[in-house]
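**Q** Mind looking over this structure? Questions follow.
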Amino acid sequence: MASAIGKWKIEHSVNFEEYMKAIGVSDEKRLDAHKFLSDGSNMTQEISDNGGSWSIKTTTAAGEKTITFKLGEELDTMTLDGRNIKVLFSADGDKLVENQTGNGFQCKHVRHGDGNTLTMILTGGGQTCIRTYVKC
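Residue numbers for the sequence shown follow the working numbering, beginning at 694 and rising by one.
Structure follows, in structure tokens:
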């Protein structure tokens, strides 16, 4: 999972709109997501491990959100579109796996770094989205 540590800027997304629809993101919030989270938005994710206490700081033009967690410990938080969820992070080899459960949906985000590239695969609602980030 050390390969995911660093600061990453969004570069490219495949199937983002369809994925958001599949997990129940409202029309209004999808418009915001395209503005603040899509390719060309300059959104960043900074992933760090401080002795087993992990954090992911997401920064967009609309603001920033930091989630702090320990692997294997479920926590209550909110999606970027404001829905309450339970999240459980784990390791799968060198991949950081995030499982989200909310009202009426479940999804999985898998992050894996490879040199100067971070690939994030999002699955939920029968859809898969692949997001590629570059190291800042």
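Cβ coordinates follow ideal geometry from the N, Cα and C atoms, glycine included.
Since we're looking at a predicted model, the values are computed, not measured.
Helix, strand or coil, according to DSSP, for Leu768 in the structure here?
**A** Strand, per DSSP.
**Q** In angstroms, rounded to a whole number, what distance separates the CA positions of Ser696 and Thr752?
**A** Cα-Cα distance, rounded: 20 Å.
**Q** Kindly give me the distance between the Cβ atoms of Cys822 and Ser731, rounded to whole angstroms, as I take these residues to be in contact under 8 Å.
**A** Between Ser731 and Cys822 the Cβ distance is about 11 Å, and since that is not below 8 Å, they are no contact.
**Q** Let's test the definition: count the other Cβ atoms within 10 Å of the Cβ of Met771 and tell me whether it reaches 16, buried, or not, exposed.
**A** Exposed is the call here.
**Q** Who pairs with Ala784 in a beta bridge, going by DSSP?
**A** In the DSSP output, where bridge partners are listed per residue, Ala784 has Leu789.
**Q** May I ask you to check if the CB of Gly786 is nearer than 8 Å to at least one heavy atom of the ligand FAD?
**A** What this structure holds is no ligand at all, so the ligand FAD is not there to describe.
**Q** Using the Cα positions of Asn708 and Gln820, report the straight-line distance between them to the nearest angstrom.
**A** Roughly 8 Å between the two C-alpha positions.
**Q** Just to confirm, is the Cβ distance from Met694 to Leu789 under 9 Å?
**A** It is a contact, given that the beta carbons lie within the stated cut-off.
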